[in-house]
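First comes the structure, then the notes that go with it.
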Ligand SMILES: [Zn+2]
């Protein structure tokens, strides 16, 4: 299937429906927070730069990113709202921190009914 916004080809399980259109996870979360161009190349770019710096796992992450990682590690599937309350960040700030974890393939977002949640890979 093709994401309406960034035209990335993704599997059906990774698609999210919004306003009658299908989106990839990145675009869906961005639409939920604020409009921002989708960057399909960001995943490989983030991974490549971390590999270049010799970072593996959670090494090289910011304090906030490590805090999110450790919270997910302890709690498993965490609703977006719970993580926002725990981190005391705005949805935009959390989105930016989480994008790095997702791009490094450490964590991912998902949807359970109408609830957006985050979990480790
Ligand atoms: Zn997309």
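Residue numbers (this note's numbering): 20 to 140.
All C-beta atoms in this analysis are idealised placements derived from N, C-alpha and C, irrespective of residue type, glycine included.
Contact test: residue i Cβ vs ligand 1 heavy atom, cutoff 8 Å
i, result
"residue 31", "no"
"residue 130", "no"
"residue 42", "yes"
"residue 81", "no"
"residue 27", "yes"
"residue 24", "yes"
"residue 123", "no"
DSSP-derived helix/strand/coil call for residue i
i, result
"residue 82", "helix"
"residue 48", "helix"
"residue 55", "Confidence is the limiting factor: at residue 55 the pLDDT is only 40, short of 50, which leaves the residue's position unreliable and the question unanswerable from this model."
"residue 72", "coil"
"residue 106", "helix"
Residue from the options whose Cα sits closest to the Cα of residue i
i, options, result
"residue 139", "123, 133, 132 and 131", "123"
"residue 90", "116, 80, 102 and 29", "102"
Identified DSSP bridge partners for residue i
i, result
"residue 138", "127"
"residue 98", "136"
"residue 89", "Answer is none; residue 89 lacks a bridge partner."
"residue 41", "36"
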